[in-house]
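Residue numbers (our numbering), protein chains in the order written: chain A, 86 to 676; chain B, 86 to 676.
Data block below; observations after.
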C-alpha cells in the first residue's frame, strides 16, 4: 500500500467504526518520544517522521501538524495532495478540527494515546463546534497495517547499584510510602523509564533509550506487578517483591483491581487516559495526582552524579578527538555530515561503558544547522565547506551516565555577524551556568538568563533552554525543564539539565552551544539568609575560540570561559592521544 | 455583639441552614480587593483587617488565614481562643478543612464570593476528605450582622475623553466585537473597574479606588445594561447605548437571559461562580473564556500614557517636597510615621487634579518597615529616629493617572549591611528597568532580573516584583504582573507596571524601592530580527544616594542612576519651590 491507499483504508475503517474522523498524536501506549517500529503509526500512515506531531483525518481532508522545529520536514515528507501541513503551536489541532468538522460529526481517538488534559481540551473545542469525541476500542491503524512489525522484545539487563546508587527494593519501598501518602492503593506506571528506574533494569526496545517496554502497578507495600514479555527477562533476578505477568495481562489486571474497588493514583501528565478510564469503568476510584517516580528519578543520587562526571570526562575525550580530527584532517579532506557523524559515533564506541548513542546525531553544516532538529540524511547531506559553521549535537549512553552536547565550529573565515551571534549565544550559556538562586526556584525563572544577551540585540530562539537528562536513561527526561512558561517544577540538588541557547538563520546557518549542568547546593555568602543552589557544569569539551568576539565579553565572562577551558584541559587532557592533546592545549588557551 | 458573640451567632445560623461549617474568602460580590464597609464581613466577624484572607468556621474550631504579608497582623488582631491563625501559602484553607472536617460534613459557602477554580479546588479536597461543599442562598453573616452599613451610593462622574483617550461608545463597540468572536451573546461584568473603564465613568464607593459599585451585561452590539443605584447617576449622560437598572435587578436579569437560552461569556478569573450558576440554572449556556476588558484596559492608549507622565511629574514634585521636609525639618524635630504620612497626603492634595490617595500609605520606620504591607496606626506608630531607615510606600489618584511609589530613606548613620541590602535591591530595580525583551514575553519571564542581584548574596523577597496599575483606576490592576510562576500574560505597549523589589529583616528594618514603568516599543538593533519592547520609567523621585554603596555598582548601573536623577531634576525641578529645588539638586547629583 502507498500512502494514499493507507489513508483510504483508514477512512474505510473509520466508516466501519461509525466515526467521521480521527485524531491521533504521535506517541505510543507508554507516552514515549522515541517509538519502536510497531508504534510508528504516524510515519506509516503519512510519511512524516518527526518526533512530535498530530494527525487529523476527516472524510475529505486530512492534516499533519507539528511544532516550529519541523516546519521544513513537514513540507518535505508529506504529499500536499493528501495532507495539509500546519504549525501546531500557531494552529492547535483542536482549532483545525473545529473549523473543518461538520455539525454532529463523531471524531474518533485511541484513548491509549491521549492524556486527560489533551482529551479535555479537544472535547471542549469539538463540543463548541457541535461535534463529539468518541473513544475507539481499537486503534483503526492497527487493523489496516497488515505488515506491522512485531513489538520488540530485547533482553532486559540489571542496572546494578554500582551505577544506580540505590537498591530497587529501597526505591519501591520509598515510592510505596509516597503512594500511601497520596491516599491511593496502587500506582499506574505506563512509562518504561519509570519501570527502568524503579527496578534498576535497562532494556533495548526503543531506539537510543535503554528502555524495556512494559507496564507496571506498584502497591503501597512496595510490591510491583510488571507486565512485559517474559522472554526478555531470561536470567534476570528481580527479587521477591516483583511479580512478572504478560504484557497483554495489563488491561485485564486494571479490570480486576477496579472490580475490587481500589484507588489508583494516575498522573494525568504521564499516563494515557484510556487506562484510567478502564479502571474506573471496572468500578475503581481514580486519583488524579502526582506520580512520585519522575521527581525521584530526576534527583540523581551521589553515585549517579559521580557517574555523570566520569562519563562526561570520557565523552569529552571522544568529542575532543573528533574535533581535532575534524578541523585538522577531515574538513581539509572534504568530509561531509554523514561521515563526520559516523566518525564521532565510532570514537564514542571505543569506550568500554558505551552502550549506544543517546539520540540521532544532528550533524549539520551551514543552512542545515538552521533547523534546530535537523536530521542528517543522504538527501540533505552537505560537504563541510569553509566560510560557514558546522553544528554537532550528539550524545552517548554509558553505563554510568547519559551525555548530550552541542558545539558549533567555525570552518575557515566565518562572517563577523555570525561570530557576533555565536558570542551572544555563549553569553547566554555562561549567564545560566553561573546562576545562583534560592531553593524553590523553578527552571522557568532561570530561562530568561540564557536569553537576555540575545534579546538586547534583537534575537531569540524558539525552543526551550534546557531539558532534564536521565542517568543511563532518556536524554529527554521530566519533570524539570528550563523553559519559559509552564515549567514550575522546583530545581533540586542532583537534577541534570541541559543549557542550550541557540540562534538560527534560515537558509544560512545555525548556532547552538550546549553543556549539561547538575544542580548543587551553594554556600550562602556571609550575612545572606536563604539556602542557595547553583549549577555544576558536567560537559567538558572546548568551545570554539575562533568564533568568539572577545571584545563583547565582560571580564566576568572571560574569567568563566578561561576557567572552563582550563578545567577541560586538566580533566580531559590525561585521557587523549598526543595529537588530540596538542589540539586541546590550543583549543583551551585563555581567550 | 463582641467577636465571640458574632462567631456564636454565625454557628447558630449555620446550624439553621443545615451545614456544619463555613468557608469565606475576604472579597465581595465584585471580586474587589478594597471593600466598602458593608462588605467587610471578615473584619466584622473576626477582627482581622488585612486585605487578603480566608475564614473557616467549624462547629468547635475556626481559623483565619492570610499570606506571609499578614503573619504579624493575624497574630495581633485575632483572639487565639476563637481563631487559629495560619499562613495560607503554606497551609491552603482546603488542607486545613480537610484535616479538621468530620466524615459526611456539609461545608457552606457563598457562591457570590468564590470563583470557579477556587470552588473546584475546595470541592476536590473536601470530597477526598469525605465532606461536601454546599452553596448557600444567602450569606449567613448578612443575616446576623444587624447594624451592617448600607451599600455606598456615592455620585458617579464622567471620565472624559480628555483623560480616557477613547469614547465609551468606541470601547463598548470594540468589546462587543470581541464578545461575538468568543461565540457569546452577553458578557458578564461584575468588576466595578471594568464598568468604570468601559463607560468612562468614575465613582467613590470604594476606598482609594474611584469605583462605582455595580454589575453590567454587555451585548455583541455594544449595548450595556448597567445595574446600580440610580441615585448615583444624577445628571450623568451615559448615551443611548446604556440602559440603567436597579442593583437588585441584576440577578433576576440573569434568570431572564438564561431563560432565553442565551450564551454568557464568564471569565472564571474575574467573576464569582454564583452568577454563572444562576444563569445556567435558568437555562442559559455559560462560556468559560477570557473577558476582553481587563487586557484592553491594561493597554493604556497614548492619552492615558501622556496623562501618566504628567501625573507622575506632579506627584514627583509633591514627593520631593515631602522628602526635603522630612530630612531637613521633620526628622530633626522628632516627627513620627503618622505625622509624615499626613504631611505627604496634604502635599499631594495641593494638586488641582488630585482626587485622593491610591491606597493607605505605608509610612514605616525601622522594624515596622519589615512588614511589606505594614499599616501605620496609633498602636504601632514610631518616631523617625536616626540610625535606621524610613520606608514610605504611597500613591495618589489624579484625574490623569494613578501613582504608586516607594522610597526608603536612610536616617543619620545607617549600618553598612543595610546599605549593602539597599544597593542590591536597587541593582534589581535597575536591571528590570533596563530590560529589553521580544514581543510575547510575559512578566513571569522578567521577574528574575529584579531578584538575581539579591540571590547572589543569599537574599530574596517573598512578594511579586510588579503589579499592573490603572489609569485613574485601581492601583492593583490585572491581568499582567511581574512575578514568578503564573503571570503568563504577554506584556504589551501601554501596560503600566510597578517595579518594586525589596528586602525585609524582621525586628530590624525593611527596604523597598518602587518605580512605575510603562511598556513601550524599542528599536531593533541593526541586524536583529525580533520586534522588541522595553520599559519607560514613569516615576520621578530621587533615590536616596546616602544609602547606596557606590562601589557595588557597575559602570552601567551608575550610568542608569545618574541619567535617572538628571531626568528627575530636569522634569520635577521646574515644579517645586526654591528650598525643595536646592534639596533636589543635591539629591540628584551624580553618584
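Beta carbons are placed, not taken as given, at the ideal position from N, Cα and C, and that holds for glycine.
Item                                                                                                                                                                                : Value
Could you round the C-beta distance between residue 585 of chain A and residue 491 of chain A to whole angstroms and report it? I think they count as a contact, below 8 angstroms. : 6 angstroms
Put residue 344 of chain A into one of helix, strand or coil per three-state DSSP.                                                                                                  : helix
Skipping 5 residues on each side, what residues in its chain have a beta carbon closer than 6 angstroms to that of residue 272 of chain A?                                          : 264, 303 and 350
With residue 107 of chain A as the anchor, note down where its beta strand (DSSP E) starts and where it stops.                                                                      : 106 to 110
So, is the C-beta of residue 439 of chain A closer than 9 angstroms to a C-beta in chain B?                                                                                         : no
So what's residue 412 of chain B in DSSP terms, helix, strand or just coil?                                                                                                         : helix
Assign residue 594 of chain B to buried or exposed, taking buried as 16 or more other Cβ atoms, counted over all protein chains shown, within 10 Å of its Cβ.                       : buried
Locate the alpha helix (DSSP H) running through residue 652 of chain B, then write down its first and last residues.                                                                : 640 to 657
Buried or exposed for residue 231 of chain B, please, with buried defined as at least 16 other CB atoms from any protein chain shown within 10 angstroms of its CB.                 : exposed
Between the Cα of residue 656 of chain B and those of B:670, B:363 and B:381, spot the shortest distance and give me the residue it belongs to.                                     : B:670
Report yes or no: is there a C-beta of chain A within less than 9 angstroms of the C-beta of residue 540 of chain B?                                                                : yes
Buried or exposed for residue 262 of chain B, please, with buried defined as at least 16 other CB atoms from any protein chain shown within 10 angstroms of its CB.                 : exposed
If you check the beta carbons only, do residue 623 of chain A and residue 402 of chain A fall under 9 angstroms apart?                                                              : no
Along the stretch 265 to 276 of chain A, where does the CB come closer than 9 angstroms to a CB of chain B? Name the residues.                                                      : 268
Tell me where the beta strand (DSSP E) around residue 606 of chain B begins and ends.                                                                                               : 600 to 607
Would you report the Cα separation of residue 615 of chain A and residue 540 of chain B, rounded to the nearest angstrom?                                                           : 8 angstroms
Would you kindly work out how many angstroms separate the C-alpha atoms of residue 582 of chain A and residue 126 of chain A, rounded to a whole number?                            : 30 angstroms
Determine whether the Cβ of residue 614 of chain B lies closer than 9 angstroms to any Cβ atom of chain A.                                                                          : yes
Please classify residue 490 of chain B: does DSSP put it in a helix, a strand, or coil?                                                                                             : strand
Whole angstroms is fine: what's the gap from residue 465 of chain A's alpha carbon to residue 495 of chain A's?                                                                     : 20 angstroms
Which partner residues does residue 523 of chain B have in the DSSP bridge list?                                                                                                    : B:617
Output, in sequence order along the chain, the residues in the stretch 625 to 659 of chain B whose CB is closer than 8 angstroms to any CB in chain A.                              : none
Using a Cβ-Cβ cut-off of less than 7 angstroms, list which residues of the stretch 539 to 558 of chain A approach chain B; keep chain order.                                        : 540, 541, 542, 543, 544 and 545
Name, in chain order, the residues that DSSP records as bridge partners for residue 589 of chain B.                                                                                 : B:595
Inspect the beta-carbon positions of residue 587 of chain B and residue 605 of chain B and report whether they are closer than 9 angstroms.                                         : no
Quick check on the DSSP output: what are the complete alpha helix (DSSP H) runs of length 4 or more inside the stretch 414 to 439 of chain B, in order along the chain?             : 422 to 433
Grouping DSSP H, G and I as helix and E and B as strand, with all else coil, what is residue 274 of chain B?                                                                        : strand
From which residue to which residue does the alpha helix (DSSP H) around residue 379 of chain B run?                                                                                : 377 to 383
Who are the neighbours of residue 532 of chain A on chain B, taking C-beta pairs under 8 angstroms?                                                                                 : 530
Below 8 angstroms on C-beta distance, what does residue 452 of chain A contact in chain B?                                                                                          : Correct list: empty, because the minimum Cβ distance to chain B is about 16 angstroms.
In the DSSP assignment, find the alpha helix (DSSP H) that holds residue 228 of chain B and state where it starts and stops.                                                        : 225 to 229
Taking Cβ-Cβ distances below 7 angstroms as the criterion, which residues of the stretch 599 to 613 of chain A are in contact with chain B?                                         : 609, 610, 612 and 613
Name, going along the chain, the residues of the stretch 564 to 576 of chain A whose beta-carbon falls closer than 7 angstroms to a beta-carbon of chain B.                         : 569, 570 and 573
Is the shortest distance between the beta-carbon of residue 527 of chain B and the beta-carbons of chain A less than 9 angstroms?                                                   : yes
Let's test the definition: count the other Cβ atoms within 10 Å of the Cβ of residue 187 of chain B and tell me whether it reaches 16, buried, or not, exposed.                     : exposed
From A:267, A:138 and A:322, pick the residue whose C-alpha is nearest to that of residue 284 of chain A; which is it?                                                              : A:322
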